[in-house]
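S.K.:
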Amino acid sequence: MYKKPSIKEWAVEDRPREKLLVQGTRSLSEAELIAILIGSGNSKESAVELARRILGAVNNDLATLSKKDAAFLLKFNGIGEAKAVNIMAALELGRRRKEQAASVKTTILNSRDAANYFRPLLEDLPHEEFWVLLLNRSNTVIDKFMVSQGGVTGTVIDVRLILKTALEKLACSLILCHNHPSGNIQASEADKKVTQKIKEAAQLMEIAVIDHVIIAHDQYLSFADEALL
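Under full-length UniProt numbering, the first residue of the sequence shown is numbered 1, with each subsequent residue one higher.
(1) With contact counted as at least three CB pairs below 8 Å, one residue from each stretch, are the region 173–187 and the region 75–95 in contact?
(2) Considering only residues of the same chain and omitting the five flanking positions on each side of L21, which have a CB-CB separation below 8 Å?
(3) Rounded to whole angstroms, what is the Cα-Cα separation between A31 and K75?
(4) Are the beta-carbon atoms of V156 and W131 separated by less than 9 Å?
(5) Does the beta-carbon of E168 have 16 or more other beta-carbons within 10 angstroms, so that it is buried, or is it exposed?
(6) Could you give the uninterrupted runs of the alpha helix (DSSP H) lying entirely in the region 5–56, keeping only those of 4 residues or more?
(7) With DSSP collapsed to three states, give me the class of E123.
(8) Out of curiosity, what's the CA-to-CA distance linking L135 and F223?
(9) Which residues does DSSP list as the beta-bridge partners of A208?
(10) Roughly how many whole angstroms lie between the Cα atoms of A35 and M88?
(11) What's the C-alpha gap between L62 and K193?
(12) Express the C-alpha separation of K83 and Y2 in angstroms, rounding to a whole number.
(13) Which value, in whole angstroms, describes the spacing of the CA atoms of residue 258 and L28?
(14) Which of helix, strand or coil does DSSP assign to E129?
(15) Is the separation between the beta-carbon of T25 and that of L37 shorter than 9 Å?
(16) Residues in the same chain with beta-carbon distance under 6 Å from D124, minus the five sequence neighbours each way, listed in chain order, please.
(17) Out of curiosity, what's the CA-to-CA distance linking L176 and L73?
(18) Where does Q203 sit, in a helix, a strand or coil, going by DSSP?
(19) Expressed to the nearest angstrom, what Euclidean distance is found between the alpha-carbon atoms of Q203 and P126?
(20) Spatial neighbours of R52 within its chain, please: C-beta separation below 8 Å, excluding the five flanking residues on both sides.
(21) In the DSSP assignment, the beta strand (DSSP E) including I142 goes from what residue to what residue?
(22) Is Q196 helix, strand or coil by DSSP?
(23) Report whether the distance from the Cβ of A89 to the nearest heavy atom of the ligand NAD is below 8 Å.
(24) Closest by CA to T195, which one among T107, A216, V159?
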């Protein structure tokens with residue numbers, strides 16, 4: 001009868017906790033880090049082997065894994081709800097760490113600066129979100145806020161909410177941003193219409209919409225650069 005070996009009987013490479021304590025976090029592979037999160041494998045696989053199989057299912061791409069839900073993880077033998085939650089929570093912490101890095105007060109000088117600011121927030125999401133960046137007269141970031149969150153194909157935008165927040169924060173200009181989870185970088189007719197609607201409404205309050213950036217995975221499109229504003 002098969003008896004699953006204890007951790008002490010594993011090969012050194014299958015003991016990620018000990019390796020982390022001795023050599024540090026940077027010494028571990030992504031599979032080993034996930035193995036620490038799940039703790040144990042199943043009757044046929046160690047935690048590391050199971051983690052490798054999970055990563056293999058997403059072509060070893062953590063960004064793709066971060067978009068998966070619990071149902072995806074629960075398909076793997078040895079992954080229950082608690083382990084699935086551990087993996088999802090860890091990936092979300094990584095995303096939020098990137099968000100905090102993006103939230104440092106900075107000056108936006110061009111579309112690349114705007115895209116780099118929003119990428120940590122949006123590039124890995126499986127759904128669409130619409131955000132607004134508020135700037136002062138020197139184009140320094142005052143604040144950012146999410147206007148709406150939707151499905152894979154779109155969100156609903158409340159122009160009044162955008163202007164209310166901009167006025168409260170004394171913003172001089174706005175940069176709009178949303179993501180295309182599909183990876184399609186092109187601006188849709190709906191994207192163009194909502195941009196024009198927000199721009200015209202903001203002008204009445206003497207607030208300029210200086211760009212609308214679309215994030216699509218590792219690419220971006222700038223309305224300002226493409227003369228779409």
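Beta carbons: idealized from backbone N, C-alpha and C, even for Gly. As the structure is a computational prediction, the values presented were derived from the model and not from experiment.
M.R.: A quick look at the data gives this:
(1) Contact fails: fewer than three Cβ-Cβ distances are below 8 Å.
(2) none
(3) 17 Å
(4) no
(5) exposed
(6) 16–23, 30–38, 47–56
(7) coil
(8) 17 Å
(9) A208 is bridged by DSSP to S173.
(10) 13 Å
(11) 35 Å
(12) Confidence at Y2 is low in this model, with a pLDDT of 49, below 50, so the placement of that residue should be treated as unreliable; the coordinate-derived value is given next. Computed Cα separation, rounded: 24 Å.
(13) Outside the modelled stretch of the chain, which goes from 1 to 229, sits residue 258, for which no answer is possible.
(14) Looking at E129 - three-state DSSP - the assignment turns out to be strand.
(15) no
(16) The residues A63, S66, in chain order, have a CB closer than 6 Å to that of D124 in the same chain once the five nearest residues on each side in sequence are set aside.
(17) 34 Å
(18) helix
(19) Cα to Cα, Q203 sits roughly 33 Å from P126.
(20) A31
(21) 141–149
(22) helix
(23) As presented, the structure is devoid of all ligands, the ligand NAD included, so that no description of it is given.
(24) Residue V159 is the option with its Cα nearest to T195.
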